[in-house]
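Okay, structure first, notes after.
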Amino acid sequence: MPSTRELVGMNVLTLAFLTSNTSSFRAQKFFNYSVPERRRIVNLYHSKGISLFLSTFGGDPNEQPVTQNFNPTMLGDLHGEIAYKSGFDGLDNDIEDFEAFSWHNKSLVTWVSMYTEAVRRWLPASGGFGMSAAPVAPWFTPNRTTYCHGAYDGIDKQVGHLYDFYNVQFYNQGVGSYDDCKNLLFKSNLTAFPQTSIFEIARNGVPLDKLLIAKPGYPVDAASGYVPPEKLSYCLHLAKNNGWKAGAASWQFPHASTQWWRELRMDSFYDESLFAKRPID
């Protein structure tokens, strides 16, 4: 598990991934700890203002719960229970069932909505728990020829009130996409997925304060969409000047560690008190 000195500049650490069959990466390492050790880790993060989320599904091509006809209520109930009993502060729904998103019916939107509702029964906002999602930016397009069901635009209309924020993935969408401030913030340059920049998504009805800009921490973390943190920092500065203040997210640690966040925050969310001295675990 990352130490708090490696996470300065962050307020949420999300462990990936809990899948429908098992867990992997850092999530599995966390589950391998004893219950007292998990509590110690969570309490340490809390002492530094960091919440711990559990991410589900992920980009594994075999992890397609809608296509594989998993029961959304049963799976959401299971994932919510695991997150709750393991001491997490919230859950991040990173469903990437691309085949189901391409279907010309509403089954995908219905499935995700039912899953979300089941998770929230274990992790209610009234109990201080959070819930996020990590959709790719094109899933917010209003182009109903591409997604007749609305994709995440449809999901937001159904259960958007149950999500605190969206870690919108502005990467892995082809070379040249979302790689400068204009097509990231104001006018997307994807012909098949128009109106999927931050402010275009907001104009189509998704609350601006829920739209986080998610980018890879280093070029090897994604096939496309990498923007150096110092350049991305300027884009965030422009976004803030236009009324956006949701924040940023990154895939993945350790490339997106303290130094990355320091550079990213320089023009937009810089706080000298965060970086003046390093915390001690």
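Quick note: the sequence shown, position 260, residue 257 per our numbering, numbers continuous.
For every residue, glycine included, the Cβ atom is placed at its ideal position computed from N, Cα and C.
Check your understanding: Contact check, Ile195 vs Leu187 under 8 Å by CB: the rounded distance?
Key -> For the purposes of this step, residue 195 is taken as residue 198 along the sequence shown, with counting starting at 1. For the purposes of this step, residue 187 is taken as residue 190 along the sequence shown, with counting starting at 1. Leu187 and Ile195 do not touch by the CB rule: their CB atoms are close to 14 Å apart, not below 8 Å.
Review point. Leaving out the 5 sequence neighbours to the left and right, which residues in its chain are closer than 7 Å to Gln155 when beta-carbon positions are compared?
Key: Taking the sequence shown and counting its residues from 1, the one referred to as residue 155 is at position 158. Taken in chain order, the residues that qualify are Val106, Ser110.
Check your understanding: Going along the chain, which residues of its own chain have a beta-carbon closer than 8 Å to the beta-carbon of Leu10, five neighbours each way excluded?
Key -> Indexing the sequence shown from 1 puts residue 10 at position 13. Within the same chain, and ignoring the five residues on either side of Leu10 in sequence, the residues whose Cβ sits closer than 8 Å to its Cβ are Pro(-1), Leu4, Tyr42, Ile47, Ser48, Leu49, Phe50, Phe250.
Check your understanding: Once you ignore the five residues that flank His101 on each side, which residues in its own chain have a CB closer than 7 Å to its CB?
Key -> The sequence position of residue 101 within the sequence shown is 104, counting from 1. So the qualifying residues of the chain are Cys145.
Point to revise | Phe190 burial status per 10 Å Cβ neighbour count (16 or more: buried) | key: Numbered from 1 along the sequence shown, position 193 holds the residue referred to as residue 190. Answer is buried; the Cβ neighbour count reaches 16.
Check your understanding: Under a Cβ-count criterion, where at least 16 other Cβ atoms within 10 Å of its own Cβ denotes burial, should Asp268 be classed as buried or exposed?
Key -> Indexing the sequence shown from 1 puts residue 268 at position 271. Exposed is the label assigned to Asp268, since fewer than 16 other Cβ atoms lie within 10 Å of its Cβ.
Practice item. Please report how far the alpha carbon of Cys178 lies from the alpha carbon of Glu96, in whole angstroms. Key: Translated into the one-based positions of the sequence shown, residue 178 becomes position 181. Translated into the one-based positions of the sequence shown, residue 96 becomes position 99. CA-CA distance, Cys178 to Glu96, rounds to 30 Å.
Review point. Curious, which full-length beta strand (DSSP E) runs of at least 3 residues does the segment 209 to 270 contain?
Key: Runs found: 245 to 248.
Exercise for review: On a CA-only basis, which of Trp119, Ala13, Gln256, Ser52 is nearest Glu227? Give me that one, please.
Suggested key: The residue you call residue 227 lines up with position 230 of the sequence shown. Looking at the Cα atoms, Gln256 is the closest of the given residues.
Review point. Got a sec, what are the start and stop residues for the beta strand (DSSP E) Asp91 sits in?
Key: Here residue 91 is taken as the residue at index 94 of the sequence shown, counted from 1. Run containing Asp91: 87 to 92, per the beta strand (DSSP E) assignment.
Review point. Is the number of C-beta pairs between the segment 56 to 75 and the segment 23 to 31 that are closer than 8 Å three or more?
Key: These segments do not touch.
Review point. Run through DSSP, which three-state label would Asn128 get?
Key: Locating residue 128 in the sequence shown gives position 131, where the first residue counts as 1. Looking at the sequence shown, residue 128 is not Asn but Met. Three-state result, Met128: strand.
Check your understanding: Measuring CA to CA, which of Pro139, Ile92, Asp161 is closest to Ser123?
Key -> As a first step, residue 123 is located in the sequence shown; it is residue number 126 there, counting from the start. Taking only the C-alpha atoms, the option nearest Ser123 is Asp161.
Exercise for review: Any chance you could list the alpha helix (DSSP H) runs of at least 4 consecutive residues sitting entirely within the segment 26 to 81, in chain order?
Suggested key: Counting whole runs of 4 or more residues, the segment 26 to 81 contains the alpha helix (DSSP H) stretches 32 to 44.
Review point. Can the beta-carbon of Ser230 be found closer than 9 Å to that of Leu205?
Key: In the sequence shown, counting from the first residue as 1, residue 230 sits at position 233. In the sequence shown, counting from the first residue as 1, residue 205 sits at position 208. No, they are not a contact pair.
Point to revise | Buried versus exposed call for Gly151 [16 or more other C-beta atoms within 10 Å across all chains shown] | key: Translated into the one-based positions of the sequence shown, residue 151 becomes position 154. Gly151 counts as buried, since no fewer than 16 other beta carbons sit within 10 angstroms of its beta carbon.
Exercise for review: For Lys212, count neighbouring C-beta atoms within 10 Å of its own C-beta (all shown protein chains included) and say buried if the count is 16 or more, exposed if not.
Suggested key: Here residue 212 corresponds to residue number 215 of the sequence shown, with the count starting at 1. Classification of Lys212: buried, given that the 10 Å Cβ count is 16 or more.
Review point. Do Tyr163 and Pro132 come within 9 Å of each other at the CB atom, strictly closer than that value?
Key: Position 135 of the sequence shown, counted from the first residue, corresponds to residue 132. Position 166 of the sequence shown, counted from the first residue, corresponds to residue 163. For Pro132 and Tyr163, yes; Cβs fall inside 9 Å.
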